[in-house]
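The structure appears below as structure tokens.
In this note's numbering, the protein residues as written are 570 to 741.
Pasting the structure below:
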């Protein structure tokens with residue numbers, strides 16, 4: 570679904586190159602969040618950061634067959650349109666038995682590592698978020714613009730939410 574929302578041609582004409590360059594100039598940072606992450610952050614036996622995990626996940630496969638092109642397309646879009654990328658991983662928010670009533674838990678009942686990861690995420694978002702700007706440097710800051718941003722956010726999120734697989738691999 571992400572691929573159908575962000576399109577890039579492999580050989581765009583001159584006008585399309587300029588349009589995509591304009592898009593990149595006001596595109597937001599790409600923040601990838603992975604909840605219930607249970608993998609070890611290691612590559613070839615060496616510890617890696619969440620950001621290195623993201624970069625590894627965005628690596629392209631070699632080949633020109635349809636399956637490989639389908640695999641590479643969303644990665645190419647993310648690489649092209651989002652020069653700034655950040656990854657956050659979150660442990661399970663609580664013990665497995667408590668997950669069915671997560672909404673009723675108090676903050677102190679949540680996994681301490683999860684709370685720390687959420688705090689780091691919030692600090693990053695609050696300190697790195699920029700005002701949304703449109704082509705020409707127009708800042709989006711009013712109620713009408715907020716409604717538009719809300720609509721765009723849901724336009725991108727609903728296909729992912731509807732997938733309901735819970736596996737981040739399925740989003741790409």
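Built from N, CA and C at the ideal position, the CB exists for glycine as well.
Please say whether residue j and residue i have beta carbons closer to each other than 8 Å?
i: residue 601; j: residue 656; result: yes
i: residue 664; j: residue 598; result: no
i: residue 659; j: residue 692; result: no
i: residue 627; j: residue 648; result: yes
i: residue 605; j: residue 639; result: no
For residue i, report the span of its beta strand (DSSP E) as first-last.
i: residue 603; result: 599-603
If you follow the alpha helix (DSSP H) that residue i is part of, which residue opens it and which one closes it?
i: residue 626; result: 619-626
Where residue i and residue j are concerned, what is the direct C-alpha to C-alpha distance, given to the nearest angstrom?
i: residue 629; j: residue 603; result: 20 Å
i: residue 707; j: residue 694; result: 21 Å
i: residue 679; j: residue 670; result: 12 Å
i: residue 634; j: residue 641; result: 11 Å
i: residue 622; j: residue 685; result: 19 Å
i: residue 681; j: residue 674; result: 13 Å
i: residue 644; j: residue 632; result: 14 Å
i: residue 620; j: residue 666; result: 30 Å
i: residue 700; j: residue 653; result: 15 Å
i: residue 611; j: residue 651; result: 25 Å
i: residue 614; j: residue 607; result: 16 Å
Once you ignore the five residues that flank residue i on each side, which residues in its own chain have a CB closer than 6 Å to its CB?
i: residue 609; result: none
Could you pull out every residue in the same chain whose Cβ sits closer than 8 Å to the Cβ of residue i, ignoring the five residues on either side in sequence?
i: residue 676; result: 684
i: residue 625; result: 612 and 617
i: residue 689; result: 657
Whose C-beta lies closer than 7 Å to the C-beta of residue i among residues of the same chain, with five residues either side of it excluded?
i: residue 637; result: 630
Runs of beta strand (DSSP E) lying entirely within the region 629-706, each at least 3 residues, in chain order: You should have 654-658.
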